[in-house]
Amino acid sequence: MTNTHFQNPNGLNDDNNYSTAADMAKLAAVCLENETIAKIVSSKTATVGVRSFSNHNKLLWQYEGCIGLKTGYTKMSGRTLVSAAKRGKQTLIVVTLCDPDDWDDHAALLDYGFDQWPRIELCAAGKDFRRIPVSGSLQRFVTVRTNDDLAYPLCLTEQVTAKIILPDFVEAPVTKGAIAGCITYYLGEEPVGKSFLLYTDSVHRDEVASGLVSRVLEFFREHRSQPALAFLSGIQIEVNAAQEKK
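Residues 62 to 307 (this note's numbering) make up the sequence shown, in order.
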């Protein structure tokens with residue numbers, strides 16, 4: 062909030078009380094993150110002792126998905142309204158200052174926002190993303206997987222780009238769940254989402270000699286060449302024996 066100053070806590074007229082619709086929207090977004098505030102502003106009625114109170118925010122009754130937020134009026138400022146509505150996982154906030162037809166305007170603006178800026182999925186958590194070559198192991202590749210669910214409101218003319226940071230290969234050993242890299246999504250020059258890319262499996266390191274023979278053994282196992290398999294198994298035993306003598 063860069064264009065706001067509060068001289069008193071009640072918001073009544075004062076030359077040093079000033080703000081903008083944009084700043085009020087930022088404040089509203091922070092307020093909704095507080096569970097207590099969010100519960101209060103979304104309540105249509107409340108009972109305190111023997112007294113009952115009704116929320117003056119008509120949008121709570123008139124607009125589907127409305128979750129608050131704050132009405133206001135003074136003779137000098139006119140009608141002010143901060144509203145919020147939620148559909149699925151998307152929440153929109155509308156602020157008007159000195160608007161005599163704020164109820165209808167907010168309903169129209171919320172409809173327009175949900176229609177023109179739908180929440181578009183950028184990344185789904187747990188999706189296999191790419192295979193990375195492995196050096197120093199029998200296992201030739203290890204898969205990396207996305208770690209986060211990411212979505213962003215986009216209109217039809219907007220497009221995001223992605224910047225991927227991953228190694229060309231990885232040296233064994235590899236630990237399952239370790240961070241391999243990340244993917245960052247941009248709208249123009251502004252980053253709008255980031256997901257880490259994690260290894261899906263652990264990869265153990267092989268010694269050079271045994272690893273080489275193991276790869277050959279794997280080849281012959283796949284091709285069911287039993288004589289060659291027995292011959293190469295003998296080579297592996299001799300190699301292991303030579304290593305033990307050292």
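Beta carbons: idealized from backbone N, C-alpha and C, even for Gly.
Using DSSP with H/G/I as helix, E/B as strand and the rest coil, what is residue i?
i: Cys216; result: coil
i: Lys241; result: The amino acid at residue 241 is misidentified as Lys; the sequence shows Ala. In this structure, Ala241 counts as strand in the three-state DSSP scheme.
i: Glu251; result: strand
i: Leu73; result: coil
i: Ala233; result: coil
i: Thr63; result: coil
i: Lys224; result: strand
i: Arg191; result: strand
i: Leu258; result: strand
i: Arg201; result: coil
i: Arg266; result: coil
To the nearest angstrom, how far is it from the Cα of residue i to the Cα of residue j?
i: Phe190; j: Val102; result: 42 Å
i: Asp166; j: Thr132; result: 14 Å
i: Glu250; j: Gly110; result: 54 Å
i: Gly187; j: Val203; result: 15 Å
i: Arg201; j: Leu259; result: 17 Å
i: Asn78; j: Asp160; result: 19 Å
i: Ile244; j: Leu93; result: 29 Å
i: Arg192; j: Glu96; result: 42 Å
i: Phe67; j: Ser144; result: 21 Å
i: His117; j: Trp164; result: 11 Å
i: Asn69; j: Asp75; result: 8 Å
i: Pro228; j: Thr65; result: 46 Å
i: Phe350; j: Thr108; result: With the chain running from 62 to 307 in the structure shown, residue 350 is simply not present.
i: Thr207; j: Glu219; result: 23 Å
i: Tyr247; j: Ile225; result: 11 Å
i: Gly254; j: Asp162; result: 36 Å
i: Gly174; j: Tyr134; result: 25 Å
i: Pro234; j: Ala185; result: 27 Å
i: Met62; j: Gly149; result: 28 Å
i: Thr222; j: Gly72; result: 43 Å
i: Gly242; j: Ala169; result: 43 Å
i: Val205; j: Arg112; result: 59 Å
i: Ile128; j: Arg140; result: 19 Å
i: Val91; j: Pro252; result: 20 Å
i: Asp176; j: Asp267; result: 56 Å
i: Lys87; j: Leu217; result: 25 Å
i: Ala89; j: Ile98; result: 10 Å
With distances taken between CB atoms, is the gap from residue i to residue j smaller than 7 Å?
i: Phe230; j: Ser198; result: no
i: Gly126; j: Lys147; result: yes
i: Leu142; j: Thr152; result: no
i: Asp209; j: Ser138; result: no
i: Leu130; j: Val155; result: no
Assess, as a yes-or-no matter, whether the region 259-266 is touched by the region 235-242 under the definition of 3 or more beta carbon pairs within less than 8 Å. yes
So, do the region 170-189 and the region 206-221 have three or more beta carbon pairs nearer to each other than 8 Å? yes
Quick check for students: name the residue ranges of the alpha helix (DSSP H) that lie wholly in the region 137-189, counting only runs of 4 or more. 163-177
With a cut-off of 8 Å, do at least 3 Cβ pairs link the region 114-122 to the region 79-92? no
What runs of the beta strand (DSSP E), each 3 residues or longer, lie entirely inside the region 78-143? 106-109, 112-115, 127-135
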